[in-house]
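Participant:
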Amino acid sequence: MARGTAVLVSREAAAQPRAALRIRWGRLFTIWLPVAGFLAFTLLPIYWLVVSSLKGPGELFAFPIAYWPDNPTFENYTRALTETRLGQLYLNSLFAAGGTCLVLIALMVVGGYAMARFDFTGRSLVLMLFLAAQLLPPVVMLVPVFTMFAALGLLNTRGALVVIYVIMLLPFSVMTMRSFYAAIPEQLEEAAMIDGCTRLGALFRVVLPVALPGLVATTIYGFINSWNELLFAVMLVSSPNLQTIPVGLMSMTDEARTEYGMMLAIAVLALAPSLILFGSIQRWLTAGLSAGAVKG
Amino acid sequence: MRRHALPWALIAPAVVLVGAGAIYPIAYVIWLSGYDYQPYRGGLMVWVGAGNLARVIADETFWHSLRVSAIWVGGSVIPQFLLGLGMALVLNESFRGRGLVRTVILAPWAVSGVVTGIIWLWIFDGTIGVVNDLLLRAGAVDFPVAWGIHEETTWLMLLLANAWRGAPFFAIVLLAALQSIEPELYEAAHIDGASAVQRFRYVTLPLILDAVVVSTLLRALWTFNFIDLILTMTRGGPIDATKTLPIYIFDVAYQRGEFGYAAALSVALCLVLVAFSAAWWQLRRLGGR
Chain A
1 MARGTAVLVS REAAAQPRAA LRIRWGRLFT IWLPVAGFLA FTLLPIYWLV
51 VSSLKGPGEL FAFPIAYWPD NPTFENYTRA LTETRLGQLY LNSLFAAGGT
101 CLVLIALMVV GGYAMARFDF TGRSLVLMLF LAAQLLPPVV MLVPVFTMFA
151 ALGLLNTRGA LVVIYVIMLL PFSVMTMRSF YAAIPEQLEE AAMIDGCTRL
201 GALFRVVLPV ALPGLVATTI YGFINSWNEL LFAVMLVSSP NLQTIPVGLM
251 SMTDEARTEY GMMLAIAVLA LAPSLILFGS IQRWLTAGLS AGAVKG
Chain B
1 MRRHALPWAL IAPAVVLVGA GAIYPIAYVI WLSGYDYQPY RGGLMVWVGA
51 GNLARVIADE TFWHSLRVSA IWVGGSVIPQ FLLGLGMALV LNESFRGRGL
101 VRTVILAPWA VSGVVTGIIW LWIFDGTIGV VNDLLLRAGA VDFPVAWGIH
151 EETTWLMLLL ANAWRGAPFF AIVLLAALQS IEPELYEAAH IDGASAVQRF
201 RYVTLPLILD AVVVSTLLRA LWTFNFIDLI LTMTRGGPID ATKTLPIYIF
251 DVAYQRGEFG YAAALSVALC LVLVAFSAAW WQLRRLGGR
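Chains as they are written, first to last, in full-length UniProt numbering: chain A, 1 to 296; chain B, 1 to 289.
(1) Within the chosen definition, does the region 14-30 of chain B reach the region 248-259 of chain B through at least 3 CB pairs nearer than 8 Å?
(2) For Val15 of chain B and Phe143 of chain B, I'd like the C-alpha separation in whole angstroms.
(3) By alpha-carbon positions, which one of B:Leu100, B:Ser76 and B:Trp63 ends up nearest to Gln282 of chain A?
(4) Quick one: is Gly117 of chain B near chain A, going by C-beta distance under 9 Å?
(5) So, using beta-carbon positions, are Leu170 of chain A and Leu107 of chain A closer together than 9 Å?
(6) Counting only beta-carbon atoms, is Met1 of chain B nearer than 9 Å to chain A?
(7) For Pro240 of chain A, tell me which candidate among A:Leu86, A:Phe61, A:Ile31 and A:Pro45 has the shortest Cα-Cα distance.
(8) If you run the structure through DSSP and keep just helix, strand and coil, what is Trp284 of chain A?
(9) Tell me the DSSP secondary structure of Val141 of chain B in three-state form.
(10) Assuming Arg115 of chain B is part of the alpha helix (DSSP H), what are its boundary residues?
(11) Would you call Met1 of chain B buried or exposed, if buried means 16 or more other Cβ atoms sit within 10 Å of its Cβ?
(12) Relative to the C-alpha of Val126 of chain A, which residue among B:Phe276, B:Ile11 and B:Asp240 is closest?
(13) Go ahead and label Glu258 of chain B buried or exposed: buried means 16 or more other beta carbons lie within 10 angstroms of its beta carbon, across all protein chains shown.
(14) DSSP three-state call for Trp47 of chain B: helix, strand or coil?
(15) Quick check on the burial criterion: 16 or more other C-beta atoms within 10 angstroms. Buried or exposed for Phe197 of chain B?
(16) On a Cα-Cα basis, can you pick out the residue from A:Asp195, A:Val234 and A:Phe130 that is closest to Gly112 of chain A?
(17) For a cutoff of 9 Å on Cβ pairs, would you count Leu285 of chain A as touching chain B?
(18) At a Cβ threshold of 9 Å, is Arg205 of chain A touching chain B?
(19) For the alpha helix (DSSP H) that contains Tyr181 of chain A, what are its first and last residues?
(20) Tell me the residue span of the beta strand (DSSP E) that contains His192 of chain B.
(21) Tell me, please, whether the CB atom of Val18 of chain B is closer than 9 Å to any CB atom in chain A?
(22) For a contact meaning CB atoms closer than 9 Å, what does Ala264 of chain B contact in chain A?
(23) Measuring straight from C-alpha to C-alpha, what distance separates Pro183 of chain B and Gly74 of chain B?
(24) Please report the straight-line C-alpha distance between Arg3 of chain A and Gly279 of chain A, rounded to a whole angstrom.
(25) Just by C-beta distance, which residues in the region 217-239 of chain B are closer than 7 Å to chain A?
(26) Between B:Ala70, B:Val56, B:Glu93 and B:Ala176, which has its C-alpha nearest Ser285 of chain A's C-alpha?
(27) Apart from the five residues just before and just after Arg158 of chain A, which ones in its own chain have a Cβ nearer than 7 Å to its Cβ?
(28) Taking all protein chains shown into account, do 16 or more other C-beta atoms lie within 10 angstroms of the C-beta of Pro72 of chain A, making it buried, or fewer, making it exposed?
(29) In three-state DSSP terms, what is Asp36 of chain B?
(30) Taking Trp227 of chain A and Ser53 of chain A to be in contact with their CB atoms under 8 Å, please state how far apart those CB atoms are, rounded to whole angstroms.
(31) Please name the residue, chosen from A:Pro69, A:Val145, A:Tyr77 and A:Val51, that lies closest to Val18 of chain B on a Cα-to-Cα basis.
(32) For Phe63 of chain A, does the three-state DSSP call read helix, strand or coil?
(33) Within its chain, find whatever has a CB closer than 7 Å to the CB of Glu259 of chain A; leave out the 5 residues flanking it on each side and keep chain order.
(34) Trp48 of chain A versus chain B: which residues are under 9 Å apart at the beta carbon?
(35) If you pair each beta-carbon of the region 257-273 of chain A with each one of the region 113-133 of chain B, do three or more pairs fall below 8 Å?
(36) Are the C-beta of Ile61 of chain B and some C-beta of chain A separated by less than 9 Å?
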């Protein structure tokens, strides 16, 4: 529609030269005011979080409040680093999200390829399984996964969260990789195989490099989701030195108000990787990623 | 091409993992729902048959949590959909800086439920929150409002926070649907003299209707199950006012350690979701005629 609008405007302008000004005014109400409104709605809460995290203890609780700190300070950040287990939480989250991504990559590169290029017995059953698994409520899985992990000795281990996040993200990841592969012409690997490549050789040397942007986007999607996950992180890991950032943050909402500055600083540090990574995959969201997206 | 060994070798690890992580829990929950099982208190499994189910039906908190869930889902999905549709319509136009604006507007999608909760708890803080400050400066109130202790104001802050985080999901899905519409259709409608409203009503809406039906259903199911934000902001309070069914199940399983009863509640939850999905689909079929 974007192109269509451009065509319409230019035609209208050609037919009625004096209408140009009216159209500009129209765009103020149809585009610029809504854009400004949406930007404010999105940005002001984040602005407020960041600005508040830069206030010292005196200013943070002063009333009436200052919308810009008089003495911006990184005190909350340095205190959070030295006085809380922020470093540990950060490492644990990195391990959970990073480990999840590595396993996901290994499984979705080949799994997505099988779903995209082969018509094998049971393929539709696999499709149904992956669709159903995406719709399964996490809270329903809570008790079974807990007892299963207890039986396997996985409770309170670093591996527990990697395992459950891989399970939860696999259906989406495989289906998304499938759609990225499907967009690549099959002649590509046929030519490689005529030149003497095996099927898997063709996948890794010829097809995968073309699908790499899709693989990166899907992996980052997985990273953001495991970085943010709360429910299983609470349920499966109880020892404080293995907890992840969301769990640590949630427990801080109960603590004394004097700790609020640090909590806001940690929230900013938890938010930063998600937002930066999101910025890098944003343009894929409306194309490839939304095709298989069920989760929000 | 019909070969089985290679594709199965490639997909098998994923199928095994997803099967173990999805099929097994469902079977286990159904089986466990017939038992009384409290692993932290002795951990004996006692067969109670339909006893748990009878307990669910007689459980006042269960029915209360269903009503709360209805408010949570309706109050979340409707404003998120409207906001997201507005975002998608604007982002589908061409204007300078659109790429950057799109990235910024969609960004809350990547923010975790916990961080969203902290941001909005801080904004709605009972003494020194932004909202109280603005209301006091405007003279609308004489004293700071304790948003978190009244039922209505708690819902206001919870649903606003959820709208902030959830609207981008609809914007993303609906934008994809809008971009698949042929520009020629708008040109034709324009030549026929259709107004902007008519173009939306008779060209845009019918063509994105399927995306609307599917995305609202998926979002409703997902929102129903989404507890991070409620756990962070209210823990189901004040006095159970925001205790949705998944929050209730989480309490029963995690706080009270009654795994058997949590399983029975989980079975009830699945039945509710299946019934809701079927009703939604039926509505779509009736509406499509």
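Built from N, CA and C at the ideal position, the CB exists for glycine as well.
All figures in this text were calculated on a predicted structure; none of them were measured in a lab.
Facilitator: With the structure as the only source:
(1) The region 14-30 of chain B is not in contact with the region 248-259 of chain B.
(2) Locating residue 15 of chain B in the second sequence gives position 15, counting from the first residue. Locating residue 143 of chain B in the second sequence gives position 143, counting from the first residue. Distance between the alpha carbons of Val15 of chain B and Phe143 of chain B is about 58 Å.
(3) In the first sequence, the residue the question calls residue 282 of chain A occupies position 282. Of the candidates B:Leu100, B:Ser76 and B:Trp63, the one whose C-alpha sits nearest the C-alpha of Gln282 of chain A is B:Leu100.
(4) Mapped onto the second sequence, residue 117 of chain B falls at position 117. Interface residue, yes.
(5) Taking the first sequence and counting its residues from 1, the one referred to as residue 170 of chain A is at position 170. Taking the first sequence and counting its residues from 1, the one referred to as residue 107 of chain A is at position 107. Leu170 of chain A is a Cβ neighbour of Leu107 of chain A, given a cutoff of 9 Å.
(6) Here residue 1 of chain B is taken as the residue at index 1 of the second sequence, counted from 1. Caution is warranted here: a pLDDT of 47 is assigned to Met1 of chain B, below 50, making its placement in the model unreliable, and no coordinate value can be reported.
(7) Taking the first residue of the first sequence as 1, we reach residue 240 of chain A at position 240. Of the listed residues, the one whose Cα sits closest to Pro240 of chain A is A:Leu86.
(8) Within the first sequence, the letter at position 284 stands for residue 284 of chain A. Helix, per DSSP.
(9) Position 141 of the second sequence, counting from 1, holds the residue named residue 141 of chain B. Val141 of chain B: coil per DSSP, three-state reduction.
(10) As a working note, residue 115 of chain B is residue 115 in the second sequence. Per the sequence presented here, residue 115 of chain B reads as Val, with Arg not at that position. From DSSP, the alpha helix (DSSP H) with Val115 of chain B extends over Gly113 to Ile123.
(11) In the second sequence, counting from the first residue as 1, residue 1 of chain B sits at position 1. Bear in mind that the predicted position of Met1 of chain B carries a pLDDT of just 47, short of 50, making it unreliable; the figure below should be weighed with that in mind. Met1 of chain B comes out exposed.
(12) As a working note, residue 126 of chain A is residue 126 in the first sequence. B:Ile11 is the residue among B:Phe276, B:Ile11 and B:Asp240 whose C-alpha sits nearest the C-alpha of Val126 of chain A.
(13) The residue labelled residue 258 of chain B in the question sits at position 258 within the second sequence. So Glu258 of chain B counts as buried.
(14) Position 47 of the second sequence holds residue 47 of chain B. Strand.
(15) Taking the first residue of the second sequence as 1, we reach residue 197 of chain B at position 197. Residue 197 of chain B is actually Val in this sequence, not Phe. With fewer than 16 Cβ atoms within 10 Å of its Cβ, Val197 of chain B is classed as exposed.
(16) Here residue 112 of chain A is taken as the residue at index 112 of the first sequence, counted from 1. Measuring from the Cα of Gly112 of chain A, the nearest candidate turns out to be A:Phe130.
(17) As a position in the first sequence, residue 285 of chain A is number 285, starting the count at 1. Yes, its Cβ sits closer than 9 Å to a Cβ of chain B.
(18) For the purposes of this step, residue 205 of chain A is identified with residue 205 of the first sequence, where counting begins at 1. Cβ-Cβ to chain B under 9 Å: no for Arg205 of chain A.
(19) If you number the first sequence from 1, residue 181 of chain A lands on position 181. Element bounds for Tyr181 of chain A: Arg158 to Ala182.
(20) Residue numbering aside, residue 192 of chain B sits at position 192 when the second sequence is read from its first letter. Here residue 192 of chain B is Asp; the residue named in the question, His, does not match the sequence. DSSP places Asp192 of chain B in no beta strand (DSSP E); its state is neither H nor E.
(21) Against the second sequence, residue 18 of chain B aligns to sequence position 18. At least one beta carbon of chain A lies nearer than 9 Å to the beta carbon of Val18 of chain B.
(22) By one-based count along the second sequence, residue 264 of chain B stands at place 264. By Cβ distance, chain A contributes nothing, its closest Cβ being about 10 Å from Ala264 of chain B, past 9 Å.
(23) Here residue 183 of chain B corresponds to residue number 183 of the second sequence, with the count starting at 1. Here residue 74 of chain B corresponds to residue number 74 of the second sequence, with the count starting at 1. Spanning the two alpha carbons is a distance of roughly 34 Å.
(24) Position 3 of the first sequence, counted from the first residue, corresponds to residue 3 of chain A. Position 279 of the first sequence, counted from the first residue, corresponds to residue 279 of chain A. Interpretation of Arg3 of chain A is limited by its pLDDT of 37, a score under 50 that renders its predicted location unreliable; the figure taken from the coordinates is listed afterwards. Going by the C-alpha atoms only, they are around 24 Å apart.
(25) Within the region 217-239 of chain B, the qualifying residues are Leu218, Arg219, Leu221, Trp222, Asn225, Ile227, Asp228, Leu231 and Thr232.
(26) Translated into the one-based positions of the first sequence, residue 285 of chain A becomes position 285. Looking at the sequence shown, residue 285 of chain A is not Ser but Leu. Taking only the C-alpha atoms, the option nearest Leu285 of chain A is B:Ala176.
(27) Working through the first sequence from its first residue, we reach residue 158 of chain A at position 158. Spatial neighbours of Arg158 of chain A in its own chain (CB-CB distance under 7 Å, excluding positions within 5 residues in sequence) are listed in chain order as Phe95 and Leu242.
(28) Within the first sequence, numbered from 1, the residue matching residue 72 of chain A stands at position 72. Flag for Pro72 of chain A reads exposed.
(29) Taking the first residue of the second sequence as position 1, residue 36 of chain B is located at position 36. Asp36 of chain B: strand per DSSP, three-state reduction.
(30) Stepping through the first sequence from its first residue, residue 227 of chain A is reached at position 227. Stepping through the first sequence from its first residue, residue 53 of chain A is reached at position 53. Their Cβ separation, rounded to whole angstroms, is 19 Å, which puts Trp227 of chain A and Ser53 of chain A out of contact at 8 Å.
(31) Locating residue 18 of chain B in the second sequence gives position 18, where the first residue counts as 1. From the listed residues A:Pro69, A:Val145, A:Tyr77 and A:Val51, the smallest Cα separation to Val18 of chain B is found for A:Val145.
(32) For the purposes of this step, residue 63 of chain A is identified with residue 63 of the first sequence, where counting begins at 1. In the three-state scheme derived from DSSP, where H, G and I count as helix and E and B as strand, Phe63 of chain A is classed as coil.
(33) Your numbering for residue 259 of chain A matches position 259 in the first sequence. Within the same chain, Glu259 of chain A has close Cβ partners Met252.
(34) Locating residue 48 of chain A in the first sequence gives position 48, counting from the first residue. Around Trp48 of chain A, the beta-carbon contacts reaching into chain B at under 9 Å are Ile119, Trp122, Ile123 and Val130.
(35) Look at the beta carbons and you see the region 257-273 of chain A touching the region 113-133 of chain B: at least three pairs across the two are nearer than 8 Å.
(36) Looking up residue 61 of chain B in the second sequence gives position 61. The sequence shown places Thr at residue 61 of chain B, rather than the Ile named in the question. For Thr61 of chain B, the answer is no, since every Cβ of chain A falls outside 9 Å of its Cβ.
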